[in-house]
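Chemist: Quick one: the structure is below, and I'll ask about it shortly.
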Amino acid sequence: MPLRPDVFLETALLALRRVAKFMGNRSLSEYLADELCQSAVERQLEIAGGALGQLRKLDAVLFSKIPDGDLVVARSRPRLRDARSSTRL
């Protein structure tokens, strides 16, 4: 079955809509205090970035029309935490 760009776009769009839903009206400090919300948001960003990364490989012209597409793809790579300080690497 051939890969379809619209499937990658829909996957990314649904994940990014979930980010907005999970964030709701939270302030930055509320978000940072809520590990469950952080985890949910980060996972959806990983999904969106993965889908857009696949789209970039499949159809670079279409991908180039997505504002900040490269930023979302870059964000899809999980970041490691330094176990000693809980800061992100």
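The working numbering puts the first residue of the sequence shown at 711, with every later residue one more than the last.
Each residue gets a CB set at the ideal place from its N, CA and C atoms; glycine is no exception.
To which residues of the same chain is L755 closer than 6 Å at the C-beta, ignoring the five residues directly before and after it?
Modeler: Counted from its first residue, the sequence shown places residue 755 at position 45. Counting only Cβ-Cβ distances below 6 Å, and skipping sequence neighbours, we find R785.
Chemist: Let me make sure I understand the geometry here. Which of A758, V783 and V771 has the alpha-carbon closest to that of L724?
Modeler: Position 14 of the sequence shown, counting from 1, holds the residue named residue 724. Among A758, V783 and V771, the Cα nearest to that of L724 belongs to A758.
Chemist: At 4 residues or longer, and completely inside the stretch 740-787: list those alpha helix (DSSP H) runs for me, N to C.
Modeler: Within the stretch 740-787, the complete alpha helix (DSSP H) segments at least 4 residues long are 745-768, 770-774 and 779-785, listed from N- to C-terminus.
Chemist: For A770, does the count of other Cβ atoms within 10 angstroms reach 16, so buried, or fall short, so exposed?
Modeler: Walking along the sequence shown from the start, residue 770 turns up at place 60. Classification of A770: exposed, given that the 10 Å Cβ count is below 16.
Chemist: Tell me whether the beta-carbon of T721 lies closer than 9 Å to the beta-carbon of A761.
Modeler: Here residue 721 refers to the residue found at position 11 when the sequence shown is read from its first residue. Here residue 761 refers to the residue found at position 51 when the sequence shown is read from its first residue. Contact: yes.
Chemist: What did DSSP end up calling R736 once you bin it into helix, strand or coil?
Modeler: Here residue 736 is taken as the residue at index 26 of the sequence shown, counted from 1. Correct three-state label for R736: coil.
Chemist: Using C-beta distances below 8 Å, list every residue in its chain close to D744, excluding the 5 sequence neighbours before and after it, in chain order.
Modeler: The residue you call residue 744 lines up with position 34 of the sequence shown. Correct list, in chain order: R736.
Chemist: Quick one: using the 10 Å Cβ neighbour count with 16 as the cut-off for buried, is G763 buried or exposed?
Modeler: Position 53 of the sequence shown, counted from the first residue, corresponds to residue 763. That one is buried.
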